[in-house]
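Let me begin by presenting the structure, written as structure tokens, before commenting on it.
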Amino acid sequence: MNLTQIKYFQAVCEYGTIAETSKRIHISPSTISATIKLLEEEYGLILFRRTRGGMEQTNAGRRLCELSKGLMKSIDRIDMIMKDEGGGSRCLRIGIPPMVSIIILPNILSQFGKEHPDVHLEVDTNGREEVFRKLSDGDLDVAILPVNGELESVYHRKRIGSVGICAIVAEDSISEIKAFDVEHLSKQKLVLFKDDFLHKELLLERFEKARRKPDILMQTSQLSTILRLVQAGEGTGFVVREIVENWMPVKTVPLEPAMSLDICMIWRDDDFMFQTMQDFILMMEKMSFREF
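Going letter by letter, the sequence shown gives residues 1 to 292 in UniProt numbering.
Right, dumping it as structure tokens:
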């Protein structure tokens, strides 16, 4: 077994057919087929069943696929780090959820691009849980996330600021209430983000402590959907204040008690901190949250 065989094997597992794998990794189909055959002959195992739909993994194939995933990630990371050390192609993989990225990502990209124009930033804007999973699996170098509570000791975090959470209602709504508490919110129809948003979790905790049941009209992962429903007067939403404070069709209302989220930069403490990663963390430490 060698790394080339594992690389081709993993690619076939990912893309499902020899033809598609050939297109993606720019290696001829005959070379990929011959490499897989040699790997099967070496261990006396059938790794794939050839079907009309493509290449279906056998039990042995699934086992090898699972065992070799970590190896390929390690090889890719070693390759990236050594290129970074040698002054070659520099890359940094960062993860940041959509709600946070709207506020801070443009300034981060602009500032880091000015200081390090030779670095390619790969930005993952999945939800909070998915970003954290990718960081844990080694698919990201740094994550910028809203955090509530402690993290496992394997992670290092640096607080870079906080954002406020507010309620939003239709601009033409009439209310003498200056801040919404759970008692008031329990009488409103609520338009919430889905479970991958930390402020939703904190909001529902407030309802639970007050022994009130929220009247949830709908849950969505799309900010635009929430804004449209709120603007139409269909319900009350909850968003990061900085996103909507200048957005005229809706009106912001503080929560009582006030709610805020710490925004933290997180990386694995047991991971090798290569130079580009150090440069990024140093830049983030210097940036004022007011700049976001």
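Ideal placement from N, C-alpha and C gives every residue a C-beta, glycine not left out.
The structure presented is a predicted model; accordingly, all values stated were derived computationally and were not measured.
Here alanine 258 carries a coil assignment [DSSP, helix/strand/coil]. In this structure, the straight-line span from the alpha carbon of glutamine 231 to that of methionine 283 is close to 38 Å. Approximately 7 Å separates the beta-carbon atoms of leucine 185 and threonine 236; this is inside 8 Å, confirming the contact.
With a contact defined as Cβ atoms closer than 8 Å, alanine 11 and threonine 21 qualify at about 5 Å. When DSSP states are grouped into helix, strand and coil, valine 230 belongs to the helix group. Rounded to whole angstroms, the separation of the alpha carbons of valine 123 and isoleucine 46 is 38 Å. For the pair of segments examined, the region 166-179 was found to touch the region 251-261: the number of CB pairs separated by less than 8 Å reaches three. Distance check between methionine 80 and each of Leu140, Arg268, Glu256 and Gln188 places Leu140 closest, using alpha-carbon atoms only. By DSSP's assignment, serine 162 forms a beta bridge with Asp262.
Between methionine 72 and leucine 223, the alpha-carbon positions lie close to 36 Å from each other.
Three or more Cβ pairs drawn from the region 181-195 and the region 205-216 lie within less than 8 Å of each other, which places the two stretches in contact. In the assembly as shown, arginine 24 is an exposed residue. Its beta-carbon has fewer than 16 other beta-carbons within 10 Å. The shortest C-alpha to C-alpha distance from serine 89 to any of Asn107, His120, Asp181 and Ile27 is the one to His120.
Cβ-Cβ distances below 8 Å link aspartate 137 to Lys73 in the same chain, with the five nearest sequence neighbours on each side left out; the list follows chain order. By the Cβ neighbour-count rule, proline 106 is exposed, with fewer than 16 other Cβ atoms within 10 Å of its own. Taking the C-beta atoms as reference points, aspartate 196 is found nearer than 8 Å to arginine 128.
Contact check for valine 131 against glycine 95 passes: the beta carbons are separated by less than 8 Å.
About 7 Å separates the Cβ atoms of isoleucine 103 and valine 240, confirming a contact at the 8 Å cut-off.
Across the structure, cysteine 264 and phenylalanine 280 are spaced so that their CA atoms are roughly 14 Å apart. CA-to-CA, the gap between arginine 157 and valine 163 works out to about 17 Å. Only residues of its own chain outside the window of five on either side were considered, and among them none has a CB closer than 8 Å to the CB of alanine 34. Here the alpha carbon of tyrosine 8 sits roughly 36 Å from the alpha carbon of isoleucine 108.
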